[in-house]
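In our numbering, the protein residues as written are 4 to 183.
Virtual Cβ for every residue (Gly too), placed ideally from N, Cα, C.
I have placed the structure first, in the form of structure tokens, so that the comments after it can refer back to it.
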């Protein structure tokens with residue numbers, strides 16, 4: 004990806020309300036940075052409000068409880084496959100996966116196999132629920148954006164050298180948003 008390019012096509016995946024809000028901030032910032040930006044996404048209402056091509060509504064991934072999860076697995080698998088088919092055909096310049104590790108870590112691994120660079124924004128909280136998924140995370144991203152200061156070192160000590168602390172999006176929101 005040429006960061007000096009005037010145009011860019013970005014795929015963004017957000018699967019929950021907070022990720023949708025943070026991704027909307029990313030879209031707003033991208034539109035200020037690039038003269039020609041196209042964003043295609045698994046998107047919720049905040050992302051739709053700032054403007055993106057909706058490949059799948061984020062709400063189609065939201066399920067609670069083991070029974071609902073089991074019933075939704077075929078639909079969730081199909082969404083992942085459809086996104087990969089789209090990405091293989093379209094070849095976006097970069098994929099930005101926002102939090103939602105149960106879905107996005109698998110998606111990131113598949114997108115990387117297609118040659119699409121993957122930025123994982125809001126690192127999965129492996130430090131809280133166990134480091135056993137480090138190997139999976141390594142396969143699912145090219146760059147890891149951490150929102151807590153200690154995460155960069157924590158991931159680096161476990162072999163993820165491309166982790167970088169980027170600040171907490173809640174702080175951006177309290178200062179008036181991403182676009183500043």
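The beta-bridge partner set that DSSP reports for residue 146 consists of 122. In the structure shown, the three-state DSSP call for residue 102 is coil. DSSP places residue 151 in the coil class of the three-state scheme, outside both helix and strand. The shortest CA-to-CA distance from residue 21 to any of 70, 69, 125, 44 is the one to 125. Taking 9 Å as the cut-off, the Cβ atoms of residue 108 and residue 58 do not count as close.
Distances from the alpha-carbon of residue 32 to those of 45, 13, 18, 64 put 13 closest.
If you check the CB distance, residue 86 and residue 110 come in under 9 Å. Residue 99 and residue 44 have their C-alpha atoms roughly 9 Å apart. Going by C-alpha positions, residue 27 is about 10 Å away from residue 17. In the three-state scheme derived from DSSP, where H, G and I count as helix and E and B as strand, residue 77 is classed as helix.
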